[in-house]
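As C-alpha cells, the structure follows; a few thoughts come after it.
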Amino acid sequence: MVLAIDVGATKTAWALSEAEGALGPIERRPTRDVPSLLQEIVSAHAKSVDAIGISLVGHVNPSRLQWKEALTIAGSYPQDLRALTSLPLSIDNDLKAATLAEEVHGWGRTYSEVLCLNLGSGVSLGVISGGILQRGSA
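The number in the numbering used here is simply the position in the sequence shown, starting from 1, with 415 added.
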C-alpha cells in the first residue's frame with residue numbers, strides 16, 4: 416500500500432493506493448503550512464503503508480528529495496523532505512507525476528509521445544518522448 420499525496424497551489428489531496436494503482440477515498444485540505452500538513456498526513460498513515468509518493472507544485476529535485484521552490488506557496492526553500500519518514504519516499508513535480516500517471520494508466524498507454532498540459536494556478540507542460548519523461552535542469 417502506498418500513501419499518495421498531491422500538494423497543489425490551493426489544495427492538498429491524499430489517498431491510499433494499491434500496487435495496481437487503485438485509489439481509496441481521497442481526502443483534501445487547503446494548502447497551508449505545508450511542512451506541518453505533510454507531517455500530519457504521513458504520521459496518520461505511516462503504520463499502514465509501505466511507501467510514500469508526493470507530487471509537489473513548483474520546482475522539485477526528485478533525486479535529492481528536495482522541494483526547491485513553489486512560486487504560488489509561501490515558504491522557506493529548499494525543503495529537504497527526507498526527514499518526513501523512514502519509509503521509501505518518492506517525490507516529483509505535480510505535472511510530471513500526472514504525465515507519468517497518464518502514460519501508465521490513461522490514454523498515454525498507447526503512445527510513445529505524450530504531452531500533458533496543465534492550466535491551473537499556473538501553466539505547465541509534461542512531455543514524454545520516446546517513452547521517456549523529459550526533464551529540464553534541476
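Glycine residues also receive a C-beta, built at the ideal position from the N, C-alpha and C atoms.
Quantities reported herein were computed from a predicted structural model and do not represent experimental measurements.
For residue i, which of helix, strand or coil comes out of DSSP?
i	result
E433	coil
V538	strand
G423	coil
D495	strand
L548	strand
L438	strand
G523	helix
S512	The residue you asked about is not Ser; residue 512 is Ala in the sequence shown. A512 falls in the helix class under three-state DSSP.
S458	helix
Using beta-carbon positions only, say whether residue i and residue j come within less than 7 Å of one another.
i	j	result
V472	A485	yes
L554	G423	The displayed coordinates of the chain run from 416 to 553. Any statement about residue 554 would go beyond what the structure contains.
I420	I469	yes
L510	S539	yes
Going by the DSSP bridge assignment, what does residue i pair with across the sheet?
i	result
H529	Residue identity check: residue 529 is Val in the sequence provided, not His. Answer is I543, bridged to V529.
E484	H474
Assuming residue i and residue j form a contact by the criterion Cβ under 8 Å, report the distance between their Cβ atoms to the nearest whole angstrom.
i	j	result
S527	G545	6 Å
Q: Evaluate the contact criterion for the segment 497-510 versus the segment 445-459: three or more CB pairs, one atom per stretch, below 8 Å.
A: yes
Q. Are the segment 477-496 and the segment 513-529 in contact at 8 Å, needing three or more beta carbon pairs?
A. no
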